[in-house]
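Participant:
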Amino acid sequence: MALKNSGATPSSCTSTPRWGYDVFVSFRGEDTRKSFTDHLFNALDQKGITNFRDDRTLERGKPISAELIRAIEESRFAVVVFSRNYASSTWCLDELVKIVECTKVMGQTVLPIFYDVDPSQVRKQEGPYATPFTEYEQTCMDKVQKWREALTYVANLSGWALEDRHESIIIQDIVRGIFSKLSKSFSSFHKELVGMESRLQEMESYLAMELNEVRMVGICGMGGIGKTTLARVAYDVFSDQFESSSFLVNVSEVSRKRDLTSLQEQLLSELLKDRDVDVWDVHKGINMIRERLRSKRVLLILDDVDKIEQLEGIAGKHEWFGPGSRVIITTRDEHLLIAHGVNFIYKANGLYGDEALQLLSWKAFRQNHPKEDYLILSKRITYYADGLPLALEVLGSFLYGRSANEWESALKRLKEIPERKIFDVLKLSFDGLEEVEQNIFLDIACFFKGKKISRLIEVLDSFDFYPEIGIRVLIDKSLITAESGKILMHSLLQEMGWAIVRQECLKEPGRRSRLWLFDDIGHVLTKNTGTEAVEGIFLSSLESKEIRLDMQAFSKMNNLRLLKIHDVQLPKGLEFLSNELRILKWQGYPLKSMPSTFKPENLVELIMCHSRIEQLWNRKVRLDKLKLIKLSHSKSLTKTPNFTQFPNLERLILEGCVNLDELHPSIGDLERLISLNLKDCRKLPSLPSCICGLKSLRSLCLCGCTKLDKLPEKLGDLENLEELDVGETAIRQTPSSMLLLKNLKKLSFQGCKGQPPKAWNLIFGCLLPGVGPDPIGFSLPSSFSGLLSLTELDLSDCNLFEGAIPNDLVTLSALKKLNLSRNCFVSLPVGINQLTRLQDLKLERCHMLEALPELPSSIQELCTSNCSSMKVLSTPSDLGMSRNRNFMLNNCFELVKNHDNNNVAMKILKCHLFSLMERRLLVLSSIFPKLAWNQGSNHVALTILSSSTELFMNIMFQVLSLPPASQQPCANLIVNILSLMLQGLSDPLIEGPSLSILLSRSGIPDWFIHQRPGPSVIIGLPPHWSDDALLMGLAICAVFGVRDDEAIICSGYSPPGIRHILPPGYTHKLIFTLLSDVRGHVILNRYQCFKRDEFAVSDHLWLLYLPFDEYLKKQNWQHIESHFKSEGPGFEFKKCGIRMVYMRDILELNRTMFNLSQLENDLSVVVPLFLGSEVAGLGIEHSRDANHSNEESVPAGSGTCNDEAGHSASGNCDNEGVPSASVSCEEEPHGTASLQ
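2 is the number of the first residue of the sequence shown in this note's numbering; add one for each residue after it.
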């Protein structure tokens, strides 16, 4: 039998032991040396467990006792094989005494094995152990007592007794037990590998060790990211669960230097425990692996694979290995794994934040945190490393023991010269690329990092680089990544690319293939040192220094294919540009035309914004490959060229060419033109009728063509047109054929008012409801019925009066965005709530608008800012499942007055939260769609409706409708129903959208039970908050002052490293940040941008609701902290409030919607089961957050709100200040500071 496996409890040690061996085996040679012990040693060897063997390790001539003592002291485990003659050897007994001493002093683990002897005989020194001690008491009495104590001590430990079991099984059990204990010590060691524990857990989920299938798991990532380290840890931790295991290191390098057969030999030797394996060729090795391993449960690690042949020769198919086997493959090439049929791929992640600092600190300071004086320098190093563990280790080791000045010097050097050890590792991936892929990589590193993928493909395609497959290869090899439609590259990989280009010629930039630094470009162009080696010049638009060039500056650059420069002056003109150019982007081109010698037959894009071009060429040039001409804001351009020279042109952008007065009629020949932008061409009087023949045209922008007074009659012939912008033109009516634009998705008439109105109508037209539009003004088409695909419609600032909008507007079933701002109608078209896909409705500055009807449930964005006459606001009866909601209600002066000064924001919040409760309850309709009461008891039949809100309320109200005597028997039924409700409410897929509201008031509603002065507030979270199925989310608010004091620049808090940039046209930004109690961890950010004149001078309230989604509920935070900040003058935050929102809080907000007082009394026992055991009745008490501050708090449930003057009105949460409100809501990924 096998006794339970546990070691002795070690005594406290005076020093940490240095283990030289894993196992020391104490045994009686004449009993077991050539049998049991020999087999045990072999089994330990096969598992890679280092062991001390006296007849193999001791050197001749040395005192054996001293060697044994040292071996015992340096062994982590001691295995004692008690055989029949063990006690007859004083040598064995002395070993045992030393082992017991090490166990008690150094923490060594003793594992006894009872071989052909009973444990009680050893413990009591009976049977074969009695006779030797009779003799010892005569010859060496001074040692007998220690020997007896040692035998008794070890025999009392748990171990193994052979009895009638097979020796091979016992040995396997022993070795597995030792290996398992060693693995635990390995696991403890691996905890010192920063970030490894969480990564190992994720890796374990991929391995799924509990399954008996053969599984291959890939680990992919860039060089130095930690793939091999993770594989090594997984090997150490899990290998004891397999019959045998093998770790093949550097497969790619070994197969190059030798061949695949050497790896096959190593694999078979390690997995079969056979040192004499011979593999003559790859095919024989494949057959041997398949035949010899197909019944063995093995763990195989293939490290750094770079060719599919390596996988095919070593682990070609799953069936080569026995059930339960696992093959882990590390590689930089994800596609290699996919091609081999590896279905489980773990993508290795870098180390950032505290993890990066910790790893750097272990290497640089030999501790887990930076020294105080080196903290800033350490953060700069981690920023440079950009999460790459290899870089953190190399740089940390290099900087160990160095002064702060030396650290600073090293950082400066790294900007110019990458660390060689890092560079060499990363360059291996580059060296494995084809030449065209290397060119793509270098172009991205030097020119295109961060660019849109679609744009990059266009550019690279012009170079004949086959970008679709090339980009895919670079992604698969972890050299670039694609995120949010953009191409990204690790900063160290980018530096490697830069270094590769610099190494083409260290001293002369003009002999390098790519130039991207201002100083290098300036040197080459001004010194005229450019050569045929230069393929690309890419000057960042952030560099604004002027460069003056000689006319021969580009004369030697015959192979230049990409030129992007700006602010370059040519006082003597320009004689030469490379005819190999594919992309020419020269902002501010200073000449009137192109050089006469310039014949760029391969030119694909010509971009010359803000140029002095009058005509592109003063002679005829045919450019068949040209797809884009962009001459925006070229004020000298008066006419376009003959477009027959550019037959394949796809995009023509002439925005801001204010003196352009004619389009060449050949524009109608551009069969492939998809985009025509003539925005702000103010002198353009008309469009040629031939433009209606552009069958490929998708986008036509005429916005700002102020002389354009009509559109072509055959506009409807543009059958593929998707976007049409005629805003701010002089057109008075649209052609009837426009209704034929079946594919039109975006249509803008913004600012179309026809010809300037008469002075009398200009003054009074928007003030008197009875005054109609000027007869020569703009009129909408009589119907929108033909525009079936329209998703966006802008009719803002069109001087539209009551009745001017066609009633069939509501038939635009695809419409998502509608802008009716700055018009003069009194009401919206009837039935606007029929626009079931409408998400964004703008009614800003509609001064005559009096009421807002019920809106569709799809609404996410609503702006009624400065609608000064609006008295009625109808929120949607069903707010739907939209992701976020944004209500802009600034300066609606009549709105709050008409609502008897009630808090508009709280009403919107109530509606929002109630819809979220409905969303949670919706899942219950599938639990019990129909429930009938017992008809035999004369109970009223109760059908639980599919509408979730009705379902929830019906259960409770129907109980009240029963006779009193019949209510009690229903209690158990209600308990069961509510229990099912709780199951439904725990569904993780029913989180709701967030909400944000801005309005004018000076007080925080009493409903917020935590209130603090200033821009921040912190609350403690209740125990086990993340497991509470009834927890909905978090409500936060803050009061901020709006003043004319320009001295106030900003107030509040801004987390370090977060930069907020105002969009064009905006002057201010309000910023909210939620942080956890984990240092520096930003949970999320919300912000609202606006113009200063949108707010009246008063105090305003910003109220937000944030749902607790699955991510947040996985955290174990104990506190959360909210911070508010403003950017822009004239704002300061005065007070904050916060509240955790539960289901019962939503019911409390709806007390006025349902008469629940009777329900509270009659269901005071049942309801707490649903709402929480601490609640005496439905809605009687608010939920209380843990550890909330009493300071500045208001008793819950009062339903009052005090303003700063001390006034209070029961059931009232509005201040009498100037009403102004806006709402914003944007959702960001958790744990990031990203704002866009």
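For glycine and all other residues, C-beta sits at the position ideal for the given N, C-alpha and C.
Would a C-beta distance cut-off of 8 Å place phenylalanine 448 and phenylalanine 539 closer than the cut-off?
Facilitator: The count along the sequence shown starts at 1 and reaches residue 448 at position 447. The count along the sequence shown starts at 1 and reaches residue 539 at position 538. Contact flag set, yes.
Participant: What is the DSSP secondary structure of histidine 319, reduced to helix, strand or coil?
Facilitator: The residue given as residue 319 occupies position 318 in the sequence shown. Note: histidine 319 maps to helix in three-state DSSP.
Participant: Going by beta-carbon coordinates alone, are valine 123 and isoleucine 100 separated by less than 8 Å?
Facilitator: The residue you call residue 123 lines up with position 122 of the sequence shown. The residue you call residue 100 lines up with position 99 of the sequence shown. Not in contact: valine 123 and isoleucine 100 (Cβ atoms no closer than 8 Å).
Participant: Can you have a look at alanine 156 and say buried or exposed, based on whether 16 or more other CB atoms are within 10 angstroms of its CB?
Facilitator: Translated into the one-based positions of the sequence shown, residue 156 becomes position 155. Looking at its Cβ environment, which holds 16 or more other Cβ atoms inside 10 Å, alanine 156 is buried.
Participant: Using beta-carbon positions only, say whether alanine 88 and proline 120 come within less than 8 Å of one another.
Facilitator: As a first step, residue 88 must be located in the sequence shown, where it is residue number 87. As a first step, residue 120 must be located in the sequence shown, where it is residue number 119. No, they are not a contact pair.
Participant: Residues in the same chain with beta-carbon distance under 8 Å from glutamine 553, minus the five sequence neighbours each way, listed in chain order, please.
Facilitator: Here the question's residue 553 lines up with position 552 in the sequence shown. Answer for glutamine 553: Asn529, Glu576, Phe577, listed in chain order.
Participant: Could you give the uninterrupted runs of the beta strand (DSSP E) lying entirely in the stretch 20–100, keeping only those of 3 residues or more?
Facilitator: Within the stretch 20–100, complete beta strand (DSSP E) segments of at least 3 residues are found at 22–27, 76–83, given in chain order.
Participant: If contact is defined by three or more beta carbon pairs under 8 Å, each pair taking one atom from either stretch, is the stretch 356–366 in contact with the stretch 222–238?
Facilitator: no
Participant: Lysine 593 and cysteine 610 - do their beta-carbons sit closer together than 8 Å?
Facilitator: Position 609 of the sequence shown, counting from 1, holds the residue named residue 610. Position 592 of the sequence shown, counting from 1, holds the residue named residue 593. Result no, Cβ atoms of cysteine 610 and lysine 593 do not sit closer than 8 Å.
Participant: Can you tell me whether glutamate 663 is helix, strand or coil according to DSSP?
Facilitator: As a working note, residue 663 is residue 662 in the sequence shown. Note: glutamate 663 maps to strand in three-state DSSP.
Participant: For the putative contact between isoleucine 346 and glycine 219, defined by C-beta atoms under 8 Å, what is the C-beta separation to the nearest angstrom?
Facilitator: As a position in the sequence shown, residue 346 is number 345, starting the count at 1. As a position in the sequence shown, residue 219 is number 218, starting the count at 1. Isoleucine 346 to glycine 219, Cβ: 4 Å. Contact.
Participant: Which whole-angstrom value describes the C-beta separation of serine 783 and proline 807, a residue pair presumed to lie in contact below a C-beta threshold of 8 Å?
Facilitator: Stepping through the sequence shown from its first residue, residue 783 is reached at position 782. Stepping through the sequence shown from its first residue, residue 807 is reached at position 806. Indeed, because the Cβ distance is near 6 Å, the residues count as touching under 8 Å.
Participant: Let me know the secondary structure DSSP gives leucine 1071 once reduced to three states.
Facilitator: Translated into the one-based positions of the sequence shown, residue 1071 becomes position 1070. Three-state result, leucine 1071: strand.
Participant: Taking the continuous beta strand (DSSP E) assigned at tryptophan 1118, which residues delimit it?
Facilitator: Translated into positions along the sequence shown, residue 1118 becomes position 1117. Here tryptophan 1118 belongs to no beta strand (DSSP E), and DSSP marks it neither H nor E.
Participant: Can you say whether threonine 527 is buried or exposed, counting buried as having 16 or more other CB atoms within 10 angstroms of its CB?
Facilitator: As a working mapping, residue 527 is identified with position 526 in the sequence shown. Under the 10 Å beta carbon count, threonine 527 is surrounded by fewer than 16 other beta carbons and is classified as exposed.
Participant: Pull up the distance between the alpha-carbon of arginine 166 and that of serine 206, whole angstroms please.
Facilitator: By 1-based counting over the sequence shown, the position of residue 166 is 165. By 1-based counting over the sequence shown, the position of residue 206 is 205. Answer to the nearest angstrom: the Cα atoms are 36 Å apart.
Participant: Which same chain residues, not among the five before or five after valine 1142, have their C-beta less than 6 Å away from its C-beta?
Facilitator: Counted from its first residue, the sequence shown places residue 1142 at position 1141. If we look at valine 1142 and ignore the five residues flanking it on each side, its Cβ neighbours are Met1033, Gly1034, Ala1036.
Participant: Would you identify the three-state DSSP class for leucine 493, choosing helix, strand or coil?
Facilitator: For the purposes of this step, residue 493 is taken as the residue at position 492 of the sequence shown. If DSSP states are grouped into helix, strand and coil, leucine 493 belongs with the helices.
Participant: I'd like to check one pair, isoleucine 114 with phenylalanine 78: are the Cβ atoms closer than 8 Å?
Facilitator: Here residue 78 corresponds to residue number 77 of the sequence shown, with the count starting at 1. Here residue 114 corresponds to residue number 113 of the sequence shown, with the count starting at 1. Not closer than 8 Å, so no.
Participant: Which value, in whole angstroms, describes the spacing of the CA atoms of leucine 821 and histidine 1011?
Facilitator: To locate residue 821, count along the sequence shown from 1; it is residue 820. To locate residue 1011, count along the sequence shown from 1; it is residue 1010. Using only the alpha carbons, I get a separation of about 40 Å.
Participant: Can you confirm whether the stretch 800–814 touches the stretch 828–840 when touching is taken to mean that 3 or more C-beta pairs between the two stretches lie within less than 8 Å?
Facilitator: Touching, yes, given that three or more Cβ pairs across the two stretches are closer than 8 Å.
Participant: Which residue comes first and which comes last in the beta strand (DSSP E) that contains arginine 652?
Facilitator: Taking the sequence shown and counting its residues from 1, the one referred to as residue 652 is at position 651. Looking at the DSSP string, the run of the beta strand (DSSP E) that includes arginine 652 is 652–654.
Participant: When you compare only the Cα positions, how much space is there between leucine 360 and leucine 41?
Facilitator: In the sequence shown, residue 360 corresponds to position 359, counting from 1. In the sequence shown, residue 41 corresponds to position 40, counting from 1. Rounded to whole angstroms, leucine 360 to leucine 41 spans 40 Å at the Cα level.
Participant: What are the boundary residues of the beta strand (DSSP E) that glutamate 1108 is part of?
Facilitator: One-based indexing of the sequence shown puts residue 1108 at position 1107. Here residue 1108 is proline; the residue named in the question, glutamate, does not match the sequence. Its beta strand (DSSP E) spans residues 1100–1108.
Participant: Taking a contact to mean a Cβ-Cβ separation below 8 Å, would you say glycine 323 touches lysine 348 in this structure?
Facilitator: In the sequence shown, the residue the question calls residue 323 occupies position 322. In the sequence shown, the residue the question calls residue 348 occupies position 347. Not in contact: glycine 323 and lysine 348 (Cβ atoms no closer than 8 Å).
Participant: Starting from the C-beta of valine 437, find all residues in its chain whose C-beta is less than 7 Å away, skip the five residues before and the five after it, and write them out in chain order.
Facilitator: Translated into the one-based positions of the sequence shown, residue 437 becomes position 436. Cβ neighbours of valine 437 beyond the five flanking positions: Phe466, Tyr467, Gly471.
Participant: Are leucine 653 and leucine 627 close, meaning C-beta to C-beta below 8 Å?
Facilitator: Residue mapping note: residue 653 aligns to position 652 of the sequence shown, counting from 1. Residue mapping note: residue 627 aligns to position 626 of the sequence shown, counting from 1. Note that the C-beta distance between leucine 653 and leucine 627 is not below 8 Å.
Participant: Going by the DSSP bridge assignment, what does glutamine 1012 pair with across the sheet?
Facilitator: The residue given as residue 1012 occupies position 1011 in the sequence shown. When beta bridges are read from the DSSP output, glutamine 1012 appears opposite Gly1138.
Participant: Runs of 3 residues minimum, wholly inside the stretch 627–653: which ones carry the beta strand (DSSP E) assignment?
Facilitator: 629–631
Participant: So what does glutamate 724 bridge to, in DSSP terms?
Facilitator: Reading the sequence shown from its first residue, position 723 is the one you call residue 724. According to DSSP, glutamate 724 bridges with Ser700, Lys747.
Participant: Measure from the alpha carbon of isoleucine 476 to the alpha carbon of each residue in Lys557, Phe431, Ile501, then state which is nearest.
Facilitator: Counting from one through the sequence shown, the residue named residue 476 turns up at place 475. Minimum Cα distance to isoleucine 476 is reached at Phe431.
Participant: Closest to serine 786 by CA distance: which of Ile1019, Leu742, Asn800 is it?
Facilitator: On the sequence shown, position 785 is the one that residue 786 refers to. The shortest C-alpha separation from serine 786 is found at Leu742.
Participant: Restricting to runs no shorter than 3 residues, where is the beta strand (DSSP E) found entirely within the stretch 198–225?
Facilitator: You should have 216–221.
Participant: In whole angstroms, what separates the C-alpha of tryptophan 20 from that of leucine 1075?
Facilitator: In the sequence shown, the residue the question calls residue 20 occupies position 19. In the sequence shown, the residue the question calls residue 1075 occupies position 1074. Going from the Cα of tryptophan 20 to the Cα of leucine 1075 covers about 49 Å.
Participant: For glutamate 857, I'd like the list of residues in its chain whose CB is within less than 6 Å of its CB, leaving aside the five on either flank, ordered along the chain.
Facilitator: If you number the sequence shown from 1, residue 857 lands on position 856. Here the sequence assigns proline to residue 857, which means glutamate is not the residue at that position. Contacts found: Asn834, Leu836, Thr837, Leu839.
Participant: Between glutamate 606 and the rest of its own chain, which residues show a CB-CB distance below 6 Å, the 5 nearest in sequence each way excluded?
Facilitator: As a position in the sequence shown, residue 606 is number 605, starting the count at 1. Taken in chain order, the residues that qualify are Ile584, Leu629.
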